[in-house]
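Which chain is which? The protein sequence lines are A and B, in order.
The first sequence maps to residues 0 to 182 in numbering that gives the first Met the number 0.
The second sequence maps to residues 0 to 182 in numbering that gives the first Met the number 0.
Shown next, in structure tokens, is the structure this report addresses.
2 protein chains.
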Amino acid sequence: MLVEALGDEALAVREPGGTRFGERVREWVKDPSEEFGPHAEALLFAAARAELCRQVIRPALAEGRVVVSDRFLDSSLAYQGAARGLGVDEVAGINRWATEGLVPDLTVYLAIEPAAAFARAGQLDRFEDEGADLQERVRDAYEQLADDEPGRVRRVEADRPAGAVHAEVLALVEAARAAVPAR
Amino acid sequence: MLVEALGDEALAVREPGGTRFGERVREWVKDPSEEFGPHAEALLFAAARAELCRQVIRPALAEGRVVVSDRFLDSSLAYQGAARGLGVDEVAGINRWATEGLVPDLTVYLAIEPAAAFARAGQLDRFEDEGADLQERVRDAYEQLADDEPGRVRRVEADRPAGAVHAEVLALVEAARAAVPAR
């Protein structure tokens with residue numbers, strides 16, 4: 000695990016989740032029997048993110064810890080902003096408000112063709128169940144984010160053995176950690 | 000009931016609620032055992048509002064119906080924007096995005112002193128349980144909204160017999176309905 004390689008001061012969280020509130024959102028948005036529009040979906044993700052920042056990430060950063068999140072802001076920009084057509088700037092604005100301005104120092108984008116990702120996945124959740132079309136729009140959106148912010152969003156080729164991906168991600172995180180001033 | 004007095008084409012909804020999504024939000028935000036920050040709270044209300052507009056209010060307006068909602072946008076401005084200190088403009092911006100620009104033609108503010116309202120209430124929900132201090136800030140916020148938009152937000156003195164309040168609200172709604180152009 001990446002967070003173990005980073006040492007005791009690293010903290011792993013996931014989105015949506017990481018708090019009681021966020022896990023409740025997670026269960027909700029992934030439920031294939033639920034049906035709701037893109038605005039409600041984006042707002043639920045932002046709400047979960049607000050709680051994760053308030054309850055977990057900000058206190059951890061204040062203690063000097065490194066926080067590694069499985070998905071964060073950029074996932075909302077790709078899924079809701081770009082792939083669902085809500086607008087990247089609009090979704091970014093709501094999330095900046097939700098996180099009170101907290102933005103990741105580094106986002107690692109694990110690039111893989113949707114078909115290869117599906118072949119790896121087990122049971123499909125509500126997002127995966129929407130099929131290859133959504134996943135291709137999401138992939139294009141991540142590519143665009145990596146092009147727009149090449150310093151902060153780093154692309155890692157993920158259709159390789161886990162060890163090689165792990166090593167590259169770890170090197171990127173260590174470099175980012177060295178570059179970030181103490182908060 | 001107001002909506003009955005308005006005739007068959009009127010539709011009554013409540014917030015949060017009115018959709019499966021919104022009723023789930025309602026249960027959540029009113030649960031006294033839940034604890035979450037003001038940003039997450041505001042985003043949940045906005046998500047429920049987005050779904051109510053998408054699934055219920057816009058289709059009803061498109062059919063020429065009058066929609067009466069027990070709470071809407073202005074409640075979020077008063078509770079989350081003003082009383083919780085998030086900022087009225089910020090909360091308004093998020094909600095304009097959530098409702099895709101839908102704003103009530105008329106908001107009726109039922110003005111009553113918090114102490115008198117508490118005397119009427121039965122079991123307290125999560126908001127009421129926060130006590131008189133929050134309720135007084137909310138009251139002040141509604142007064143401000145009515146001062147800022149005297150045409151759209153109308154103040155009705157509610158510490159009177161129900162029949163008198165009903166008659167005044169009905170007259171305001173009928174006047175607003177006559178003034179609204181067909182959509």
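Glycine included, each C-beta is placed from N, C-alpha and C at the ideal position.
May I ask you to report which of helix, strand or coil DSSP gives A/E14? coil
Per DSSP, what kind of secondary structure is A/D104 in: helix, strand or coil? Reduced to three states, the DSSP call for A/D104 is coil.
A/I56 and A/V67 closer than 7 Å at C-beta: Against a cut-off of 7 Å, the Cβ pair of A/V67 and A/I56 comes out as no contact.
Compare the C-beta of A/F71 with all C-beta atoms of chain E and state if any pair is closer than 7 Å. The structure shown has no chain E; the protein chains it does contain are A and B.
Quick check on this structure: which residue in A/D73, A/A11, A/A110 and A/I93 has the alpha carbon closest to the alpha carbon of A/V155? A/A110
Could you give the DSSP three-state label for B/A157: helix, strand or coil? Coil.
Could you check which residue in A/L105, A/S75, A/G6 and A/G17 has the C-alpha nearest to that of A/A178? Among A/L105, A/S75, A/G6 and A/G17, the Cα nearest to that of A/A178 is on A/L105.
Assuming contact is defined by CB atoms lying nearer than 7 Å, are A/L101 and A/A91 in contact in what I supplied? no
The segment 53 to 65 of chain B: positions lying closer than 7 Å to chain A by Cβ: R53
7 Å Cβ cutoff, A/G17 in contact with chain B: no
Is the separation between the beta-carbon of A/A140 and that of A/A81 shorter than 7 Å? yes
Spatial neighbours of B/L72 within its chain, please: CB distance less than 6 Å, with the 5 preceding and 5 following residues excluded, ordered by chain position. N94
Nearest neighbour of A/P149, chosen from A/A175, A/R159, A/D158 and A/G130 [CA to CA]: Taking the Cα of A/P149 as reference, the smallest distance to any Cα among A/A175, A/R159, A/D158 and A/G130 is reached at A/A175.
For A/S74, the residue or residues it bridges with in DSSP: In the DSSP output, where bridge partners are listed per residue, A/S74 has none listed.
Report the rounded CA-to-CA distance for B/G86 versus B/A39, giving the unit in angstroms. 14 Å
Using the Cα positions of A/V24 and B/P160, report the straight-line distance between them to the nearest angstrom. Looking at the two C-alpha atoms, the distance is approximately 42 Å.
Which class does A/L5 belong to by DSSP, given the choice of helix, strand or coil? Coil.
Other residues of its chain near A/A157: CB distance less than 7 Å, five sequence neighbours each side excluded: Within the same chain, A/A157 has close Cβ partners L109, A110, I111 and V164.
Taking only beta-carbon positions, decide if A/G86 is within less than 7 Å of chain B. no
What residues of chain A sit near B/L43, judged by a beta carbon separation below 7 Å? A46
Grouping DSSP H, G and I as helix and E and B as strand, with all else coil, what is B/V179? Note: B/V179 maps to coil in three-state DSSP.
Using a Cβ-Cβ cut-off of 7 Å, state whether B/A97 counts as contacting chain A. yes
Kindly say whether A/A82, judged by its beta-carbon, lies nearer than 7 Å to any beta-carbon of chain B. no
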